[in-house]
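Enquirer: Can you read through this structure? Questions will come right after.
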Amino acid sequence: NGRRISVASAAQLLANTMASYRGYGLSMGTMITGWDETGPQLYYVDDDGTRLKGRYFSVGSGSTYAYGILDTHYRPDLTVEEAVDLGKRAIYHATHRDAYSGGINNLYHVTAEGWKFIHAIDVNDMHYQFEEERQNSMQE
């Protein structure tokens with residue numbers, strides 16, 4: 278029909294594919310995000326075909342630590358800068374306390390016009406930034 282697939286349909290397509298491979302030992306959890314005719318959308322899809330719609334998600338072994346930050350500090354009216362900072366903090370806390378998480382994280386901003394690469398950051402570098410902030414706040 279000449280129209281792009283909706284974010285919900287893309288997430289459902291992946292969920293259906295994963296459900297058809299249930300029991301094969303695959304392990305996957307991912308987020309699908311985009312902007313379609315209904316506005317901004319975010320979905321979580323995992324290896325058993327589960328598909329959930331939400332405002333924010335954390336995926337992976339360190340996700341419980343990230344959710345502590347997201348649940349405490351997320352607001353629907355965050356600026357782009359605040360959202361990027363919140364995302365970095367959630368990633369930092371997930372990776373700092375979880376030995377199986379880490380590496381380079383790529384941050385993107387998704388808008389109606391498309392996506393924009395914000396930056397790539399090594400979680401080890403984030404440790405020094407956030408630890409310094411923590412130490413400074415303890416001295417005040």
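If you read the sequence shown in my numbering, its first letter stands for residue 278, the second for the next number, and so on. Using N, Cα and C, we set each Cβ at its ideal position, and we do this for glycine too.
What are the partner residues of N382, as DSSP defines its beta bridges?
Expert: Numbered from its first residue, the sequence shown carries residue 382 at position 105. Beta-bridge pairing links N382 to I398.
Enquirer: What first and last residue would you give for the alpha helix (DSSP H) that runs through R366?
Expert: Along the sequence shown, one-based indexing puts residue 366 at 89. Where R366 is concerned, the enclosing alpha helix (DSSP H) stretches over 357-373.
Enquirer: Between G406 and G380, what straight-line distance do the alpha-carbon atoms span, to the nearest angstrom?
Expert: Within the sequence shown, residue 406 is the residue found at index 129, counting from 1. Within the sequence shown, residue 380 is the residue found at index 103, counting from 1. Here the sequence assigns Gln to residue 406, which means Gly is not the residue at that position. Roughly 16 Å separates the two Cα atoms.
Enquirer: Roughly how many angstroms separate the alpha carbons of D313 and Q416, rounded to a whole number?
Expert: Stepping through the sequence shown from its first residue, residue 313 is reached at position 36. Stepping through the sequence shown from its first residue, residue 416 is reached at position 139. Going from the Cα of D313 to the Cα of Q416 covers about 47 Å.
Enquirer: Do S335 and L347 have their CB atoms nearer than 8 Å?
Expert: Residue numbering aside, residue 335 sits at position 58 when the sequence shown is read from its first letter. Residue numbering aside, residue 347 sits at position 70 when the sequence shown is read from its first letter. Cβ distance < 8 Å, so S335 and L347 count as in contact.
Enquirer: Could you name the residues of the same chain whose beta carbon sits closer than 6 Å to that of S283, not counting the 5 residues immediately before and after it, in chain order?
Expert: In the sequence shown, residue 283 corresponds to position 6, counting from 1. Once the five neighbours on either side are set aside, the close Cβ partners of S283 are D313.
Enquirer: Pull up the DSSP beta-bridge partners for R226, would you.
Expert: Only positions 278 to 417 of the chain appear in the structure, and residue 226 is not among them; the question remains open.
Enquirer: Could you tell me which of V322, T388, W392 sits nearest to A285, measuring between CA atoms?
Expert: On the sequence shown, position 8 is the one that residue 285 refers to. Per the Cα distances, V322.
Enquirer: On the CB-based measure, 16 or more other CB atoms within 10 Å of its CB, does T372 come out buried or exposed?
Expert: Position 95 of the sequence shown, counted from the start, is the residue given in the question as residue 372. Under this definition T372 is a buried residue.
Enquirer: Is the beta carbon of P317 closer than 8 Å to that of V400?
Expert: Reading the sequence shown from its first residue, position 123 is the one you call residue 400. Reading the sequence shown from its first residue, position 40 is the one you call residue 317. Against a cut-off of 8 Å, the Cβ pair of P317 and V400 comes out as no contact.
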